[in-house]
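Step one of this worksheet: look at the structure below.
Residue numbers (our numbering): 119 to 437.
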């Protein structure tokens, strides 16, 4: 059960507050990093208040972000699914969910082998089968018919069904090791000692960890507060890996809050160059600033600007 949050205290921090267009947005890179880019693990002044705001913002982000969800119209999918099923039952069109799922699978198979289906005597037209599949997927998976049709046209019917089913699965909790402050192996040992069961996500990432079970909140460990890791979905690693930022470059993250991808970019840049982290919403910049400081990044300039105006204000960008 979540405790009701009390009134928030304003963070009296003296660090990296989001800046507006009229401010000096160029900033300067902090000193005190060693050659390996390993920063001090001491928290910056005012970090406690900032971290309180961070936890609240991250909780909100986890609920609303994330691969965040495919379409805002599908929020409350379980309730939507239930109401649609009840409506079909009332109309005498639906009595068995298993039968509905089987009908979806059968129609998807028909569409993928349409010529053979016609040879075997299928009486419906292809358009009728497709329309029925869209309606059934909308009912069973809780999508709007427009969105269900969009994915059924984007993918083959059988692939689209697998996609819908995959989205029904609960996402695993994953962490990203902050190599500016820790190695993944040492982080695994530290978390294991705190009764947090973790394993590497896979061979495709050298920093990801998957949490199987934890007897403590993973967002409140000393390692988390010290900036040794970020709670971040594994899927959001991939855009940063594809971007492949290099040291000493000038990089822009136009919609940066709450900072998962931003801090990974800065980590790969090893605190060199300049990383502009922008977000249009000032309230979300609080979490961004807190994460930047918690993870020990010193090459980040946080801005609170309209992304459409950035091209006239920022210097030449490498990425």
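Note that the Cβ used here is the ideal one computed from N, Cα and C, for glycine as well.
Taken through DSSP and simplified to helix, strand or coil, residue 421 comes out as strand.
When secondary structure is reduced to three states using DSSP, residue 371 falls in the strand class. The C-alpha of residue 274 lies about 42 angstroms from the C-alpha of residue 421. Comparing C-alpha distances from residue 256 to each of 405, 319, 282, 344 shows the shortest one belongs to 282. Taking each of 279, 373, 269 in turn and checking the Cα distance to residue 226, the smallest one comes out for 279. In the DSSP assignment, residue 412 falls within the alpha helix (DSSP H) that extends over 400-412.
By the criterion of at least three beta-carbon pairs nearer than 8 angstroms, the stretch 317-335 is not in contact with the stretch 400-408.
Closest by C-alpha distance to residue 399, out of 216, 374, 329, 253, is 374. For residue 249, the uninterrupted alpha helix (DSSP H) run begins and ends at 244-259, by DSSP. When the five nearest sequence neighbours on each side are left out, the beta carbons in the same chain lying within less than 8 angstroms of the beta carbon of residue 272 are those of 278, in order along the chain. In the DSSP annotation of this structure, the continuous segment of the alpha helix (DSSP H) that includes residue 305 starts and ends at 302-311. Residue pairing by DSSP places residue 325 in no beta bridge whatsoever. Put simply, the backbone Cα of residue 383 is about 19 angstroms away from that of residue 344. Closest in alpha carbon position to residue 428, among 244, 370, 392, is 370. In the DSSP assignment, residue 317 falls within the unbroken beta strand (DSSP E) covering 314-318.
In the three-state reduction of the DSSP assignment, residue 291 falls in the strand class. Residue 267 sits buried, since 16 or more C-beta atoms from the chains shown fall within 10 Å of its C-beta. Taken atom to atom, the span from the alpha-carbon of residue 315 to that of residue 234 is near 50 angstroms.
By the neighbour-count criterion, in which 16 or more other beta carbons inside 10 Å mark a residue as buried, residue 356 falls on the exposed side.
Within the same chain, and ignoring the five residues on either side of residue 327 in sequence, the residues whose Cβ sits closer than 6 angstroms to its Cβ are 293, 316. Per DSSP, reduced to three states, the secondary structure at residue 380 is helical.
Counting of Cβ neighbours within 10 angstroms places residue 243 among the exposed residues, the total staying below 16.
Residue 331 is bridged by DSSP to 315. One thing to note: residue 385 has its Cβ within 8 angstroms of the Cβ of residue 296.
A check of alpha carbon separations from residue 396 across 353, 376, 299, 222 identifies 376 as the nearest.
Comparing C-alpha distances from residue 218 to each of 432, 251, 236 shows the shortest one belongs to 251.
For residue 364, the closest C-alpha among the options 393, 346, 337, 378 is that of 393. Ranked by Cα distance from residue 366, the first of 353, 378, 388, 349 is 388.
Buried is the label assigned to residue 350, since at least 16 other Cβ atoms lie within 10 Å of its Cβ. In this structure residue 229 does not touch residue 259 by the C-beta definition: roughly 17 angstroms separates them, more than the 8 angstroms allowed. Across the set 222, 362, 430, 415, the C-alpha of 362 shows the shortest separation from the C-alpha of residue 436. Residue 394 sits in a strand when the DSSP states are folded into three classes. With fewer than 16 other Cβ atoms from the protein chains shown falling within 10 Å of its own Cβ, residue 425 counts as exposed.
Non-local C-beta neighbours of residue 254 in its own chain, meaning closer than 8 angstroms and more than five positions away in sequence, comprise 218, 221, 222, 225, ordered along the chain.
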